[in-house]
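Residues in the sequence shown are numbered from 516 upward in steps of one, following our numbering.
One structure below.
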Amino acid sequence: MDKQSKKYSREVAQNPGDLSLEKRLQDLCLEEGITMRKVQNDMASFQLTLQFPNPQSTINIYQPKNKNDLVIVGSIIEVVEEHKEKIRQLSMKDREAFIWDLRLLLARGDTEFELQHPDNILEFVRIHKFLFEDGLSKHVFMNTLFDINRKKLLVIWFIQKRFGSALTPKSEKGSPEDAFIYR
């Protein structure tokens with residue numbers, strides 16, 4: 516065994532979760548025909564961006580550095596400017612009620628969430644779930660992807676029900692994914 520191979524083997528032995536967990540998740544995605552790409556993230560041992568179940572829905576999976584038995588599966592829903600403007604037009608009391616209604620809706624279920632809402636004007640919603648290696652199975656992983664995707668739809672539908680469907684795409688430029696109103 517050459518020096519480089521020994522070094523690699525030693526790193527894998529010291530951090531068995533790093534590569535094996537990433538590989539397991541990649542294999543599960545490939546088995547199910549889920550498109551993915553690896554993304555560089557200095558704060559993560561690895562990060563994968565999935566197109567689930569179609570190019571309109573992006574879900575990220577990453578393993579925080581020094582957390583070899585944990586991955587976080589999540590997504591961000593950015594609110595389009597048209598809906599932010601409609602929120603701004605509400606009274607402060609109505610904005611606060613809107614944020615509370617969304618919080619209570621998201622609190623049902625087993626996903627974590629974070630709302631970014633300065634002055635009660637919703638900018639984005641982050642939805643995520645923690646998966647630990649000792650409980651990871653194909654069933655758990657796929658259900659997590661479905662849960663995240665379902666929560667994304669829930670947020671989008673909640674906003675659209677209240678403020679109507681946005682008429683303009685999020686972005687005129689960039690990747691095809693950017694042409695969709697919500698990701």
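Ideal placement from N, C-alpha and C gives every residue a C-beta, glycine not left out.
Inset, instruction - Could you tell me whether the stretch 577-597 touches the stretch 611-620, where touching means 3 or more Cβ pairs closer than 8 Å? - result: no
Inset, instruction - Taking 8 Å as the threshold, find out whether the stretch 648-657 comes into contact with the stretch 621-628 through three or more Cβ pairs. - result: no
Inset, instruction - Kindly indicate which three-state DSSP category P568 falls into: helix, strand or coil? - result: Taking the sequence shown and counting its residues from 1, one reaches residue 568 at position 53. Coil at P568, not helix or strand.
Legend entry - Outcome for F639 when other beta-carbon atoms lying within 10 angstroms are tallied against a minimum of 16: Within the sequence shown, residue 639 is the residue found at index 124, counting from 1. Per the 10 Å Cβ criterion, exposed.
Legend entry - Own chain residues within Cβ distance below 6 Å of K666, not counting five before or after: On the sequence shown, position 151 is the one that residue 666 refers to. Cβ within range, chain order: T626, I642.
Legend entry - Entirely enclosed beta strand (DSSP E) segments - the stretch 536-609, minimum 3 residues: 550-553, 559-566, 573-579, 585-593
Inset, instruction - Taking L490 as part of the beta strand (DSSP E), name the residues at either end of that continuous run. - result: Absent from the structure is residue 490, since the part of the chain shown begins at 516 and ends at 698.
Legend entry - For L651, the three-state DSSP class (helix, strand or coil): Within the sequence shown, numbered from 1, the residue matching residue 651 stands at position 136. If DSSP states are grouped into helix, strand and coil, L651 belongs with coil.
Legend entry - Nearest neighbour of N635, chosen from P579, Q604, L646 [CA to CA]: Your numbering for residue 635 matches position 120 in the sequence shown. Checked all of P579, Q604, L646; the closest Cα to N635 is Q604.
Legend entry - Rounded separation between I549 and D616 - CA only: Numbered from its first residue, the sequence shown carries residue 549 at position 34. Numbered from its first residue, the sequence shown carries residue 616 at position 101. I549 and D616: Cα-Cα distance of roughly 33 Å.
Legend entry - Assigned exposure category for N664 - 16 Cβ within 10 Å defines buried: Counting from one through the sequence shown, the residue named residue 664 turns up at place 149. Its Cβ being crowded by 16 or more others within 10 Å, N664 is buried.
Inset, instruction - For K553, count neighbouring C-beta atoms within 10 Å of its own C-beta (all shown protein chains included) and say buried if the count is 16 or more, exposed if not. - result: For the purposes of this step, residue 553 is taken as residue 38 along the sequence shown, with counting starting at 1. K553 should be labelled exposed.
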